[in-house]
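At position 56 of the sequence shown the residue is numbered 56 (UniProt numbering), and the sequence of numbers has no breaks.
Even for Gly, the Cβ is constructed at its ideal location relative to N, Cα and C.
The structure appears below as structure tokens.
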Amino acid sequence: MKNPPDIDHSLTLAPDDNAAGPDKHRWAMFVVLLVGAFLPPLDFFIVNVALPSIRSDLNASASAEQLVISAYAALYAVTLITGGRLGDLHGRGRMFFIGLVGFTAASLLCGFAATPWMLITGRALQGITAAVMAPQALASVQAIFPEAEKPLALSLYGAVFGLASVIGQALGGILISLDLFGLGWRMIFLINLPVALLVILFGIPLIKETRASHARRLDLGGMGLSMLTLATLIVPLIEGREAGWPLWAWLSLIACPLLGWTFWRHQARLASAGGAPLLDPAALRVPGLRRALLVALSFYTIGAFFLLFSIYLQGALHVSALHAGLVFLPFGAGFLIGPLTAPLCTRVLGLYTNAVGLALMVAGLVALAGLITLTPGNPGPQPAIFAVVLFVIGFGQGLAMPTLMRMITGRVAPALSGMMAGVTSSTLQVSTALSVAVVGGIFYGVLGTDTDPTAISHAFTIALLCMAACLVLGAGLSFTLARRPASAR
Numbered sequence: 001m002k003n004p005p006d007i008d009h010s011l012t013l014a015p016d017d018n019a020a021g022p023d024k025h026r027w028a029m030f031v032v033l034l035v036g037a038f039l040p041p042l043d044f045f046i047v048n049v050a051l052p053s054i055r056s057d058l059n060a061s062a063s064a065e066q067l068v069i070s071a072y073a074a075l076y077a078v079t080l081i082t083g084g085r086l087g088d089l090h091g092r093g094r095m096f097f098i099g100l101v102g103f104t105a106a107s108l109l110c111g112f113a114a115t116p117w118m119l120i121t122g123r124a125l126q127g128i129t130a131a132v133m134a135p136q137a138l139a140s141v142q143a144i145f146p147e148a149e150k151p152l153a154l155s156l157y158g159a160v161f162g163l164a165s166v167i168g169q170a171l172g173g174i175l176i177s178l179d180l181f182g183l184g185w186r187m188i189f190l191i192n193l194p195v196a197l198l199v200i201l202f203g204i205p206l207i208k209e210t211r212a213s214h215a216r217r218l219d220l221g222g223m224g225l226s227m228l229t230l231a232t233l234i235v236p237l238i239e240g241r242e243a244g245w246p247l248w249a250w251l252s253l254i255a256c257p258l259l260g261w262t263f264w265r266h267q268a269r270l271a272s273a274g275g276a277p278l279l280d281p282a283a284l285r286v287p288g289l290r291r292a293l294l295v296a297l298s299f300y301t302i303g304a305f306f307l308l309f310s311i312y313l314q315g316a317l318h319v320s321a322l323h324a325g326l327v328f329l330p331f332g333a334g335f336l337i338g339p340l341t342a343p344l345c346t347r348v349l350g351l352y353t354n355a356v357g358l359a360l361m362v363a364g365l366v367a368l369a370g371l372i373t374l375t376p377g378n379p380g381p382q383p384a385i386f387a388v389v390l391f392v393i394g395f396g397q398g399l400a401m402p403t404l405m406r407m408i409t410g411r412v413a414p415a416l417s418g419m420m421a422g423v424t425s426s427t428l429q430v431s432t433a434l435s436v437a438v439v440g441g442i443f444y445g446v447l448g449t450d451t452d453p454t455a456i457s458h459a460f461t462i463a464l465l466c467m468a469a470c471l472v473l474g475a476g477l478s479f480t481l482a483r484r485p486a487s488a489r
């Protein structure tokens with residue numbers, strides 16, 4: 001498949017060490033690396049349905065319960081760019097296994113946590129190590145595959161996200177219900193151990209190293225500034241509403257653009273001095289890249305959907321945790337099938353595939369809001385219609401994701417693919433945090449103190465329409481990227 005016409009490959013950067021030709025074991029290597037893309041979202045979603053059991057068993061406060069989620073999400077988000085760049089400089093296979101071993105150790109700590117703070121510490125370590133592990137799969141698409149195979153590789157990458165999000169919801173409920181070995185909620189973390197062991201045993205002999213040629217030292221100053229900048233944005237967005245938007249949250253948000261400007265100036269000075277910045281300014285000047293990143297920023301507006309949909313199912317329809325997890329299966333089926341059809345859709349629709357996927361998500365969210373408005377209380381919408389609408393939302397997201405990844409990572413040379421994978425993943429995490437903070441804030445603002453099923457349903461429909469409106473903006477930006485020539489920024 002030829003490069004899309006709006007992708008600029010003229011940026012002069014060092015090639016990868018594997019530029020001599022694709023490795024014959026590249027697909028097996030990629031399957032192993034996909035575990036690194038699968039485990040982080042799995043462990044984000046799997047905890048949602050386990051929180052009531054964790055709170056009861058560890059006698060955790062509401063703030064500690066929130067930190068179980070936010071410690072992981074915040075540290076994962078702020079470390080992703082560094083994790084991607086470490087793969088560029090020190091080897092993507094090496095960083096993958098270092099991250100995997102660390103993630104496994106952190107999962108073990110979570111599984112045997114005796115206090116809420118032990119669990120929170122384990123979750124924080126999971127977030128950091130996941131950020132080292134996760135970007136290596138996406139970066140390797142640029143590094144190990146010829147151009148004709150990249151669409152399929154990105155489709156599989158997108159399908160993995162769909163599987164992880166839905167398996168996380170369903171598996172959490174199943175494991176808690178089974179109560180294997182009397183471990184209850186602890187199995188949601190301990191199940192990572194056998195998976196990691198198999199990957200290490202089969203993956204170490206298989207993975208061949210890829211990295212940027214002439215790799216230099218990591219930009220430690222840029223790493224610190226990037227993490228601090230993202231932390232001043234992510235932490236108040238995640239914690240602010242729960243804490244009642246205290247003064248520190250507003251001061252943190254005010255400091256974010258100042259730190260961002262300092263970070264950017266540091267990167268520009270380092271690049272002009274011939275150094276190796278963490279975030280190369282030359283890469284962000286590639287035509288269309290900044291607008292593609294804005295599409296990514298709008299893409300995970302749907303991030304609040306999973307949290308609010310669970311509240312709707314359990315608060316308005318009064319379903320069990322297991323049932324709530326299983327309701328997500330049509331969404332997951334769509335998210336699995338969507339990426340697998342992306343190569344075919346791209347041949348038919350070309351660069352408009354991403355905009356079409358986003359439009360399907362908008363249609364599904366609006367249809368779901370209409371269904372809930374018509375049947376606000378228990379038993380809710382007809383299960384068959386409910387399932388079809390959820391499938392459409394999942395299919396649209398699954399169709400849009402691999403084309404979004406290609407719109408961004410395909411614009412830079414393979415030598416910077418790890419950096420751009422980290423930037424892309426970090427942008428999606430910021431999108432999720434913004435969604436939870438803003439759309440979640442609207443939901444709770446509309447709901448107030450009312451716990452009536454009709455009130456919950458009404459607040460959820462308002463939140464769905466807000467998500468749809470943000471995705472309309474993303475679809476519009478994506479459409480202009482497909483329509484305009486490469487020189488358009």
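Residue i - DSSP class collapsed to helix/strand/coil
{"i": "His9", "result": "With a pLDDT of only 38 at His9, under the threshold of 50, the placement of this residue in the model should not be trusted; the figure read from the coordinates follows. His9 falls in the coil class under three-state DSSP."}
{"i": "Pro383", "result": "helix"}
{"i": "Leu34", "result": "helix"}
{"i": "Asp43", "result": "helix"}
{"i": "Thr79", "result": "helix"}
{"i": "Arg290", "result": "helix"}
{"i": "Asn48", "result": "helix"}
{"i": "Pro257", "result": "helix"}
{"i": "Asp88", "result": "helix"}
{"i": "Val319", "result": "coil"}
{"i": "Trp245", "result": "coil"}
{"i": "Glu65", "result": "helix"}
{"i": "Gly448", "result": "coil"}
{"i": "Gly224", "result": "helix"}
{"i": "Leu371", "result": "helix"}
{"i": "Ala170", "result": "helix"}
{"i": "His25", "result": "coil"}
{"i": "Asp179", "result": "coil"}
{"i": "Arg489", "result": "Unreliable placement is indicated for Arg489, whose pLDDT of 41 sits below 50; no coordinate value is reported for it."}
{"i": "Lys150", "result": "helix"}
{"i": "Asp57", "result": "helix"}
{"i": "Ile204", "result": "coil"}
Closest residue to residue i among the options (Cα-Cα distance)
{"i": "Thr373", "options": "Leu464, Thr449, Met401 and Val430", "result": "Leu464"}
{"i": "Pro277", "options": "Ala196, Val286, Gln267 and Glu149", "result": "Gln267"}
{"i": "Leu138", "options": "Gly102, Phe30 and Ile128", "result": "Phe30"}
{"i": "Cys110", "options": "Gly102, Phe103, Met227 and Gly122", "result": "Gly122"}
{"i": "residue 490", "options": "Ala367, Gly224 and Arg406", "result": "Nothing about residue 490 can be reported from this structure: the residues present for the chain run from 1 to 489 only."}
{"i": "Tyr76", "options": "Phe44, Phe97, Glu239 and Asn59", "result": "Phe44"}
{"i": "Gly158", "options": "Gly445, Gly476 and Leu399", "result": "Leu399"}
{"i": "Leu163", "options": "Gly440, Phe331 and Gly350", "result": "Phe331"}
{"i": "Ile144", "options": "Gly83, Ala243 and Leu33", "result": "Leu33"}
{"i": "Arg406", "options": "Val295, Thr461 and Ala384", "result": "Val295"}
{"i": "Ala475", "options": "Thr409, Thr403 and Asp452", "result": "Thr403"}
{"i": "Glu149", "options": "Gly173, Ser226, Leu344 and Val49", "result": "Leu344"}
{"i": "Trp245", "options": "Gly448, Gly441, Arg483 and Thr449", "result": "Gly441"}
{"i": "Phe78", "options": "Asn192, Val430, Leu39 and Ile98", "result": "Per the sequence shown, residue 78 should be read as Val rather than Phe. Comparing Cα-Cα distances from Val78 to each of Asn192, Val430, Leu39 and Ile98, the minimum goes to Val430."}
Integer Cβ distance of residue i from residue j, believed to fall under 8 Å
{"i": "Met361", "j": "Leu471", "result": "5 Å"}
{"i": "Ile54", "j": "Val68", "result": "7 Å"}
{"i": "Leu80", "j": "Ser425", "result": "5 Å"}
{"i": "Ser70", "j": "Ile176", "result": "Incorrect: roughly 21 Å between the Cβ atoms, too far for contact."}
{"i": "Val195", "j": "Ala74", "result": "Not really, about 24 Å apart at Cβ, beyond 8 Å."}
{"i": "Ala468", "j": "Phe391", "result": "That pair is no contact at about 17 Å."}
{"i": "Ala292", "j": "Leu473", "result": "Rounded, the Cβ-Cβ distance is 14 Å, inconsistent with contact."}
{"i": "Ser165", "j": "Pro41", "result": "6 Å"}
{"i": "Gly84", "j": "Pro135", "result": "4 Å"}
{"i": "Leu358", "j": "Asn192", "result": "Between Asn192 and Leu358 the Cβ distance is about 32 Å, and since that is not below 8 Å, they are no contact."}
Residue i, buried or exposed, once every other Cβ within 10 Å from all chains shown has been counted against 16
{"i": "Glu147", "result": "exposed"}
{"i": "Val348", "result": "exposed"}
{"i": "Gln382", "result": "exposed"}
{"i": "residue 491", "result": "What the structure shows of the chain is the stretch from 1 to 489, and residue 491 is not part of that stretch, so it cannot be assessed."}
{"i": "Glu65", "result": "buried"}
{"i": "Ile254", "result": "exposed"}
{"i": "Arg26", "result": "buried"}
{"i": "Thr210", "result": "buried"}
{"i": "Ile346", "result": "It should be pointed out that residue 346 corresponds to Thr in this sequence rather than to Ile. Classification of Thr346: buried, given that the 10 Å Cβ count is 16 or more."}
{"i": "Phe443", "result": "buried"}
{"i": "Thr451", "result": "exposed"}
{"i": "Asp179", "result": "exposed"}
Practice item. Mind the definition here: the segment 297–304 touches the segment 424–442 only if three or more C-beta pairs lie below 8 Å; say whether that holds. Key: The segment 297–304, when compared against the segment 424–442, does touch it at the 8 Å Cβ threshold.
Point to revise | Cβ pair count under 8 Å reaching 3, the segment 113–122 against the segment 85–100 | key: No, the segment 113–122 is not in contact with the segment 85–100.
Point to revise | the segment 120–136 contacting the segment 257–264, beta-carbon criterion three pairs below 8 Å | key: No contact exists between the segment 120–136 and the segment 257–264.
Point to revise | Contact between the segment 389–396 and the segment 332–345 (3+ Cβ pairs under 8 Å) | key: The segment 389–396, when compared against the segment 332–345, does touch it at the 8 Å Cβ threshold.
Review point. Are the segment 451–459 and the segment 308–318 touching by the rule of at least three beta carbon pairs closer than 8 Å?
Key: Yes, the segment 451–459 touches the segment 308–318.
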